[in-house]
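Numbering (this note's numbering), first residue to last: 27 to 262. Even for Gly, the Cβ is constructed at its ideal location relative to N, Cα and C. Owing to the predicted nature of the structure, the values given are computational and were not obtained by experimental measurement.
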């Protein structure tokens, strides 16, 4: 079974924080078998398939990815990473989304203190691009006020750039800065992400799992109110 790097596992067991951006942020290549989607088009956003109270339940429309979920869950457990929630995102078919080609991280929310999530990311073409260096986040950066995605987008010229390989799985945590490459119009692409998360995603845009009770959340999305951190914020 795949043994994950010691530093990755170590920071996976520390509360999410700004200081761990200073450690190496390279994704980890995970060599396990991958099956192809069975439909012409599938668009699923963060569908919960396991929770702290409900066992793993994968609907028939996602049965093709079930064996991969089980394999990755075993890797998580063998490495002592026991985040109870599992979510699946699938974008399979003609590419229509436009915002993923900005630098961002997945799962960096400090609304509730928690350990980092782990995201396994796959694409069959136009693979994910990564900024693989370490980052020093200013002490005055406040994740409750400032947009960390804008921070990286404005500083991409300072990053060490790399591109993954098509048809490979990469493991990333919230400290891995990445984006989808620019994709020509009319491109058909398969991308999926299997996320192992310590807390529930309280977001009504998540695709409902028909095997689970329907959820409606009453929570304000603070992401819409975040501002860009600027150098003058250093002066307090």
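**Prompt:** Since residue 149 is in the alpha helix (DSSP H), which residue starts that stretch and which ends it?
**Reply:** As a working mapping, residue 149 is identified with position 123 in the chain shown. Here residue 149 belongs to no alpha helix (DSSP H); instead the beta strand (DSSP E) covers 144 to 149.
**Prompt:** Is residue 237 helix, strand or coil when you go by DSSP?
**Reply:** Translated into the one-based positions of the chain shown, residue 237 becomes position 211. Here residue 237 sits in coil by DSSP.
**Item:** Span of the beta strand (DSSP E), counted from its first residue to its last, around residue 176
**Value:** Within the chain shown, the letter at position 150 stands for residue 176. Note, residue 176: premise wrong, no beta strand (DSSP E); alpha helix (DSSP H) at 174 to 180.
**Prompt:** Quick one: Cα of residue 166 to Cα of residue 256, how far?
**Reply:** Mapped onto the chain shown, residue 166 falls at position 140. Mapped onto the chain shown, residue 256 falls at position 230. So the two alpha carbons sit approximately 10 Å from each other.
**Request:** Using a threshold of 7 Å, state whether the C-beta atoms of residue 151 and residue 192 are closer than that.
**Result:** Start at 1 with the first residue of the chain shown, and residue 151 comes out as number 125. Start at 1 with the first residue of the chain shown, and residue 192 comes out as number 166. In contact: residue 151 and residue 192 (Cβ atoms closer than 7 Å).
**Range of the contiguous alpha helix (DSSP H) that encloses residue 222** = As a first step, residue 222 is located in the chain shown; it is residue number 196 there, counting from the start. Here residue 222 belongs to no alpha helix (DSSP H); instead the beta strand (DSSP E) covers 214 to 223.
**Prompt:** Do you know how far the Cα of residue 161 is from the Cα of residue 86?
**Reply:** Within the chain shown, residue 86 is the residue found at index 60, counting from 1. Within the chain shown, residue 161 is the residue found at index 135, counting from 1. Approximately 42 Å, taken between the alpha carbons.
**Prompt:** How would you write the range of the alpha helix (DSSP H) that residue 64 sits in, first residue to last?
**Reply:** The count along the chain shown starts at 1 and reaches residue 64 at position 38. Taken as a continuous stretch (DSSP letters only), residue 64 belongs to no alpha helix (DSSP H), as it is neither H nor E.
**Identified DSSP bridge partners for residue 38** = Here residue 38 refers to the residue found at position 12 of the chain shown. Answer is none; residue 38 lacks a bridge partner.
**Item:** Sequence-distant residues of the same chain with beta carbon closer than 7 Å to residue 28, five excluded per side
**Value:** Translated into the one-based positions of the chain shown, residue 28 becomes position 2. Once the five neighbours on either side are set aside, the close Cβ partners of residue 28 are 56, 101.
**Item:** Residue interval of the alpha helix (DSSP H) (run including residue 119)
**Value:** For this step, residue 119 is matched to residue 93 along the chain shown. Where residue 119 is concerned, there is no enclosing alpha helix (DSSP H), although the beta strand (DSSP E) it sits in stretches over 111 to 120.
**Item:** Whole-Å CB distance - residue 235 paired with residue 243, under 8 Å assumed
**Value:** By 1-based counting over the chain shown, the position of residue 235 is 209. By 1-based counting over the chain shown, the position of residue 243 is 217. That pair is no contact at about 14 Å.
**Asked** Counting pairs of beta carbons, one from the stretch 173 to 186 and one from the stretch 106 to 124, are three or more of them closer than 8 Å?
**Response** no
**Request:** Taking residue 95 as the reference, give the member of 75, 106, 46, 104 with the closest Cα.
**Result:** Indexing the chain shown from 1 puts residue 95 at position 69. Here the closest residue by C-alpha is 75.
**Item:** Below-7 Å beta-carbon distance, residue 111 vs any chain C residue
**Value:** The chain labelled as chain C is not found in the depicted structure, where only one protein chain is given.
**Request:** Determine, using beta carbons only, whether residue 90 and residue 67 come nearer to each other than 7 Å.
**Result:** Along the chain shown, read from residue 1 onward, the residue named residue 90 stands at position 64. Along the chain shown, read from residue 1 onward, the residue named residue 67 stands at position 41. Not a contact, by the Cβ cut-off of 7 Å.
**Message:** With a threshold of 8 Å on Cβ separation, who are the neighbours of residue 93 within its own chain once the five nearest residues in sequence on each side are excluded?
**Reply:** Counting from one through the chain shown, the residue named residue 93 turns up at place 67. Closer than 8 Å at Cβ, skipping near neighbours: 59, 61.
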